[in-house]
DNA sequence: GCCAACGTTGGC
DNA sequence: GCCAACGTTGGC
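In the numbering used here, the protein residues as written are 1 to 236.
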């Protein structure tokens, strides 16, 4: 989410096995932080310094003002969110209580900012399987809770631990996502790439592959939904 | 505040 | 497992 943010672990807090999947994911954050973690132990956040001024200007700014807008200037209400199925697949989401899970583990500011600043309850989510045999959009979900602190950042045992994220001043946020339906067929990355120079020329998935949470315009969403209905032509 | 070194993402 | 793209870090 970091952008990596690939992400995440399932909903239930303490299934031990669930905590280990995402190591590689977290490692991005991990390496450096680990050593700092020792020193940081419990020091109080210095009095009332401004929380994260330094974080704000660049890092907390929305991706870019226009990036989450549709062509007509309305806000984007569709998001593509990636998850590695080995870590958290669409079936894991379905199996979660109420088919709902928090989207923890995002450790990239741009992706985090989208969740924190732009996602609203009711927004649609395209659930994307990354780093797998057949990467692609597999399902629809929706946002059911707006951003709140990502608790995994506070847990030293979590692969997503970040000692710089304080409870009083959380650095990482997440949203809750609820399953809606699987697509009739997977819209594979390979298939989507065929439209890279056409209908999907602005789609972040195709030109900024590594961003793990991204806005999708209404026009792109419509195109994707139409594409879902088309028969697959294997001529690709 | 630049930029080289380094680490991660994620498709292939 | 490779490696290109790209984000982050830290020295200067």
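Ideal Cβ placement from N, Cα and C applies to all residues, glycine included.
These numbers come from a predicted model, not from an experiment.
Within this structure, are the beta carbons of residue 134 and residue 100 separated by less than 7 Å? no
So, is residue 28 buried or exposed, given that buried needs 16 or more other C-beta atoms within 10 angstroms? Legend: pLDDT at residue 28 = 30, less than 50; position of this residue unreliable, value from coordinates given subsequently. Label assigned to residue 28: buried.
Find the nearest neighbour of residue 185 within the set 105, 128, 112 and 212, judged by alpha-carbon distance. 128
Beta-bridge partners of residue 79, as assigned by DSSP: 125 and 215
Taking residue 109 as part of the alpha helix (DSSP H), name the residues at either end of that continuous run. Looking at the DSSP string, the run of the alpha helix (DSSP H) that includes residue 109 is 109–113.
Whether residue 238 touches residue 74 by CB criterion (7 Å): The structure shown does not extend to residue 238, since the chain is modelled only from 1 to 236, so the question has no answer here.
Could you give the uninterrupted runs of the alpha helix (DSSP H) lying entirely in the stretch 167–228, keeping only those of 4 residues or more? 189–193 and 204–207
Cα-Cα separation between residue 68 and residue 161, rounded to whole angstroms: 29 Å
Can you give me the start and stop residues for the beta strand (DSSP E) that residue 93 sits inside? Not the beta strand (DSSP E): residue 93 falls in the alpha helix (DSSP H), residues 90–95.
Per the DSSP calculation, residue 141 is bridged to which residue(s)? 125 and 179
Secondary structure of residue 146, DSSP reduced to three states: strand
Between the Cα of residue 139 and those of 93, 158 and 208, spot the shortest distance and give me the residue it belongs to. 93
Span of the beta strand (DSSP E) around residue 87: Where residue 87 is concerned, there is no enclosing beta strand (DSSP E), given that its DSSP letter is neither H nor E.
Run of the beta strand (DSSP E) containing residue 151, from where it starts to where it stops: Where residue 151 is concerned, there is no enclosing beta strand (DSSP E), given that its DSSP letter is neither H nor E.
Cβ pair residue 144, residue 178 closer than 7 Å: yes
In its own chain, which residues sit with a C-beta less than 6 Å from the C-beta of residue 116, not counting the 5 before and 5 after it? 147 and 173
I'd like to check one pair, residue 80 with residue 126: are the Cβ atoms closer than 7 Å? yes
Taking the C-alpha atoms as reference points, what is the distance between residue 228 and residue 220? 12 Å
Beta-carbon proximity of residue 150 to residue 104, cut-off 7 Å: yes
Taking a contact to mean a Cβ-Cβ separation below 7 Å, would you say residue 170 touches residue 132 in this structure? no
What does a CB cutoff of less than 6 Å around residue 137 pick up in its chain, not counting 5 residues either side in sequence? Cβ contact annotation for residue 137 (same chain, cutoff 6 Å, sequence separation greater than five): 126, 128 and 187, in chain order.
The beta strand (DSSP E) enclosing residue 100, as first and last residue numbers: 100–102
To the nearest whole angstrom, what separates the beta carbons of residue 142 and residue 180, a pair I think is in contact under 8 Å? 5 Å
Give me whichever residues DSSP pairs with residue 136 in a beta bridge. 129 and 188
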